[in-house]
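Participant:
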Ligand SMILES: [Zn+2]
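In our numbering, the protein residues as written are 25 to 451.
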């Protein structure tokens with residue numbers, strides 16, 4: 025009885041080593057370091073291989089067994105008491121953008137490593153097995169699609185199509201995996217995960233602005249992408265009086281002005297962005313005959329996202345109704361909003377509270393491996409602030425104490441999910 029109580033006490037007071045987590049992040053950041061203090065470790069390059077070797081070595085040292093699947097996803101497994109139970113998994117990615125930072129993805133993987141190191145030191149065995157995963161090519165910078173490893177694992181597209189993807193030099197994913205020695209033989213996906221947790225920097229400004237070390241992520245925003253084509257008529261800028269013009273740019277500007285207001289009634293989760301804009305023929309003395317621009321709509325609720333899409337359609341019809349101007353709306357891609365698993369979100373919140381860490385609920389507007397994995401397994405995410413909300417940038421930075429806080433939440437969320445049986449055998 026005493027031993028049982030001691031063991032429970034011991035796990036409740038358990039904490040990660042924030043200094044060791046920081047040192048590991050800095051050690052990994054030396055591989056593919058850029059002059060401005062960032063990282064360039066593109067998927068399946070020599071730098072990626074070195075990063076994978078380093079982190080796999082650390083995971084082995086912490087007592088985990090490494091397996092690699094056909095897409096190079098790395099799974100490090102820590103056995104539980106009952107290995108017929110599906111594993112409780114955590115992880116992220118260690119590939120970066122060409123001018124990427126030291127924390128995006130890397131934090132999620134190394135926070136998982138730190139959890140495993142603590143459990144190894146304390147000789148704690150969970151009921152369900154634990155795993156740390158490193159997903160291949162999350163960034164999508166060298167090979168498309170983005171979130172390749174987790175997407176194929178979740179069955180969003182086939183492993184064959186991912187292996188056939190080529191970079192700008194015509195080198196395929198399959199060849200690159202073989203070249204760096206990460207062409208594993210384990211099939212991609214097709215096995216059950218008991219739970220998936222991913223710790224990640226927020227990549228936005230909210231937590232820092234509000235002075236909170238942890239964000240409890242309740243789900244990811246849905247996304248609708250459109251192209252808009254506004255067609256008028258090209259004509260000479262000199263001889264054509266204003267009232268005779270069919271100026272595509274004039275209509276496009278008025279339309280964009282209206283479109284950018286359509287998220288206002290749907291704050292705080294409604295978002296609209298026109299990020300790409302092209303004018304034809306783009307010549308100083310020609311009235312623009314055509315304008316192409318993009319629209320990116322996001323919201324957490326499917327019904328509201330649909331309302332926003334309808335409003336976009338109405339605005340296009342309204343502006344296209346003018347004489348001589350045609351407005352065409354083309355759907356490009358749609359990803360439905362993804363709520364995370366309530367039970368796991370609640371567990372993250374409870375663990376954060378129990379640790380006395382100030383926090384708030386939030387949603388992720390960016391894509392993460394967790395968003396794909398949430399389609400096939402109960403999933404939750406833990407956000408920590410990054411300095412000035414800046415990411416995908418060499419200046420990306422985070423505070424050691426926030427990274428430590430997030431890793432402690434991860435530790436306890438995983439322990440509570442995997443379960444720890446009372447230990448009586450020490451009596
Ligand atoms: Zn990331």
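Cβ atoms here follow ideal geometry from the backbone N, Cα and C, with glycine treated the same way.
Just checking residue 226 against ligand 1 - is the residue's beta carbon closer than 7 angstroms to any of the ligand's heavy atoms?
Facilitator: Incorrect: residue 226 has no Cβ contact closer than 7 angstroms to ligand 1.
Participant: Could you tell me the distance, in whole angstroms, from the CA atom of residue 34 to the CA atom of residue 293?
Facilitator: The straight-line gap from Cα to Cα measures roughly 40 angstroms.
Participant: Around ligand 1, what residues have a beta-carbon under 5 angstroms from a heavy atom of it, in chain order?
Facilitator: My final list is 128, 129.
Participant: Taking the C-alpha atoms as reference points, what is the distance between residue 55 and residue 65?
Facilitator: Rounded to whole angstroms, residue 55 to residue 65 spans 7 angstroms at the Cα level.
Participant: Rounded to a whole number of angstroms, what is the C-alpha to C-alpha distance between residue 142 and residue 148?
Facilitator: Approximately 9 angstroms between the Cα atoms of the pair.
Participant: My output table needs one value for residue 394: the three-state DSSP class, helix, strand or coil.
Facilitator: Residue state, collapsed to three classes: helix.
Participant: Report the option in 405, 401, 352, 361 whose CA atom is closest to the CA atom of residue 375.
Facilitator: Residue 405 is the option with its Cα nearest to residue 375.
Participant: Which one or two residues does DSSP pair with residue 131 in a beta bridge?
Facilitator: Answer is none; residue 131 lacks a bridge partner.
Participant: Going by DSSP, name the residue or residues bridged to residue 196.
Facilitator: Answer by DSSP bridge pairing, in chain order: 190.
Participant: Please look up how many angstroms separate the CB atoms of residue 197 and residue 167, rounded, as I've assumed it's under 8 angstroms.
Facilitator: Between residue 167 and residue 197 the Cβ distance is about 6 angstroms, and since that is below 8 angstroms, they are a contact.
Participant: Have a look at 135, 438, 330, 99 and flag the residue whose alpha-carbon is nearest the alpha-carbon of residue 428.
Facilitator: The candidate whose alpha carbon is nearest that of residue 428 is 135.
Participant: Ends of the alpha helix (DSSP H) at residue 438?
Facilitator: Counting along the chain, the alpha helix (DSSP H) containing residue 438 begins and ends at 424 to 442.
Participant: Relative to the alpha-carbon of residue 381, which residue among 432, 111, 116 has its alpha-carbon at the smallest distance?
Facilitator: Here the closest residue by C-alpha is 432.
Participant: Under the rule that 16 or more other beta-carbon atoms within 10 Å means buried, what is residue 323, buried or exposed?
Facilitator: That one is buried.
Participant: In this structure, how does DSSP classify residue 85 when only helix, strand and coil are distinguished?
Facilitator: Residue 85: helix per DSSP, three-state reduction.
Participant: Quick one: is residue 206 buried, meaning 16 or more other Cβ sit within 10 Å of its Cβ, or exposed?
Facilitator: Buried: at least 16 other Cβ atoms inside 10 Å.
Participant: Taking all protein chains shown into account, decide if residue 356 is buried (16 or more other Cβ within 10 angstroms of its Cβ) or exposed.
Facilitator: Exposed, because fewer than 16 other Cβ atoms sit within 10 Å of the Cβ of residue 356.
Participant: Give me the Cα-Cα distance between residue 172 and residue 255, rounded to the nearest whole angstrom.
Facilitator: Rounded to whole angstroms, residue 172 to residue 255 spans 36 angstroms at the Cα level.
Participant: Mind reading off the beta-carbon distance from residue 393 to residue 212? Whole number of angstroms is fine, and I expect it under 8 angstroms.
Facilitator: Not a contact, Cβ separation roughly 13 angstroms.
Participant: Could you tell me whether the Cβ atoms of residue 226 and residue 419 are closer together than 8 angstroms?
Facilitator: No; because the gap between Cβ atoms is not below 8 angstroms, this pair is not in contact.
Participant: Take residue 224 as the anchor and find which of 413, 423, 129, 402 has the nearest alpha-carbon.
Facilitator: When each option's Cα is compared against that of residue 224, the closest is 129.
Participant: Give a yes or no on whether 8 angstroms exceeds the smallest Cβ distance from residue 284 to chain D.
Facilitator: Here there is only one protein chain, and chain D is not present.
Participant: In angstroms, rounded to a whole number, what distance separates the CA positions of residue 51 and residue 313?
Facilitator: Whole-angstrom Cα-Cα distance: 54 angstroms.
Participant: With a threshold of 7 angstroms on Cβ separation, who are the neighbours of residue 175 within its own chain once the five nearest residues in sequence on each side are excluded?
Facilitator: Closer than 7 angstroms at Cβ, skipping near neighbours: 169, 181, 396.
Participant: Give me the residue from 403, 102, 60, 413 with the minimum Cα distance to residue 234.
Facilitator: Comparing Cα positions, the closest option is 413.
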